[in-house]
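Peer 1: Numbering of the sequence shown is given in the numbering used here, commencing with residue 15 and proceeding in unit increments. Ideal placement from N, C-alpha and C gives every residue a C-beta, glycine not left out.
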Amino acid sequence: MATSGSPPGGAGATPLTLAFLEKRESLLLFLAARTRSMAAAEDLVQELYLKVAAVDPQTDVRSPAPLLYRMAANLLIDQVRSAQRDGRRNAEWRSQTHVTLGGEDVVAEPAADDQLIAKDRARQLADAVEALPPQMGRAFRLHKLEGKSQTETAEVMKISRKMVEQHIAAAIRHLTQKLRS
Numbered sequence: 015m016a017t018s019g020s021p022p023g024g025a026g027a028t029p030l031t032l033a034f035l036e037k038r039e040s041l042l043l044f045l046a047a048r049t050r051s052m053a054a055a056e057d058l059v060q061e062l063y064l065k066v067a068a069v070d071p072q073t074d075v076r077s078p079a080p081l082l083y084r085m086a087a088n089l090l091i092d093q094v095r096s097a098q099r100d101g102r103r104n105a106e107w108r109s110q111t112h113v114t115l116g117g118e119d120v121v122a123e124p125a126a127d128d129q130l131i132a133k134d135r136a137r138q139l140a141d142a143v144e145a146l147p148p149q150m151g152r153a154f155r156l157h158k159l160e161g162k163s164q165t166e167t168a169e170v171m172k173i174s175r176k177m178v179e180q181h182i183a184a185a186i187r188h189l190t191q192k193l194r195s
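1) To the nearest angstrom, report how far apart residue 134 and residue 142 are at their CA atoms.
2) Pick from 112, 33, 153, 97: whose alpha carbon is nearest that of residue 177?
3) Can you tell me the Cβ-Cβ gap for residue 170 and residue 156, rounded? I've got them flagged as a contact below 8 Å.
4) Can you tell which of 70, 60, 31, 175 has its C-alpha closest to the C-alpha of residue 45?
5) Quick check: what's the CA-CA separation for residue 136 versus residue 130?
6) I need the DSSP call for residue 66, collapsed to helix, strand or coil.
7) Report the three-state DSSP secondary structure of residue 28 (helix, strand or coil).
8) Cβ of residue 187 less than 8 Å from any chain C Cβ?
9) Could you spell out the range, first to last residue, of the beta strand (DSSP E) harbouring residue 114?
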C-alpha cells in the first residue's frame, strides 16, 4: 500500500531508489569487503539509503548503478576520515592529559604503597582525634573538620571564643605529638 512518503519500490519510487533496492545486496557485499565488518557495512547501506531517498525526484540520473557505488565509496571515505579525525583528536587529548616517560604512560595516581601509607595515616589521625578529651575534640572537629569559624564554634559549644582557641591549640599539640610517635 503506497503512502504519500513513497515507500521503497512503490509507485512513486525514483529510478535511483529502484536501482538501490535492486543492488542492495551487492552494495552490502561491496562495503563489507572494504570494511571487513558486516555490521559496519549494514550501517553504511542504511546511510546510503537515506542519501538516496533525499535525492530530488526530479534529478535526472542516467546511470543509477554506478552512481550508487560512487555514493557508497564516498560514504566509506567519509567514515575513514571521521575515524582518522577521532584518532588524532584522541591522541592529542592523550598527549595533553597523560605524562609519558620513554614512550610509556606515567600514571598520575600515587603508588599503591603510598596510598596504603596515606590510608594508615588518615586512620591514625581519626583515632587520635577520637581520643581527644570531649570538649577539645568537639572544638577541633567543629573548627577544623566541619569548617566553622572560631566564633561559630564558640556559639555552638556555648563557650568563649578564647576557650575555643585554647581547645584547638591544645588539640593540635596533642595530635602532633601523637602522630610523631
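Peer 2: If we stick to the structure as given:
1) Annotation: residue 134 to residue 142 spans about 12 Å, alpha carbon to alpha carbon.
2) Nearest Cα to residue 177 within the set 112, 33, 153, 97: 153.
3) For a cut-off of 8 Å, the C-beta gap from residue 170 to residue 156 is around 6 Å, short enough to register as a contact.
4) Looking at 70, 60, 31, 175, the one whose alpha-carbon comes closest to that of residue 45 is 60.
5) Looking at the two C-alpha atoms, the distance is approximately 10 Å.
6) Residue 66 falls in the helix class under three-state DSSP.
7) In the three-state reduction of the DSSP assignment, residue 28 falls in the coil class, being assigned neither a helical nor a strand state.
8) The chain inventory of the structure shown lacks chain C, comprising one protein chain alone.
9) Note, residue 114: beta strand (DSSP E), 113 to 115.
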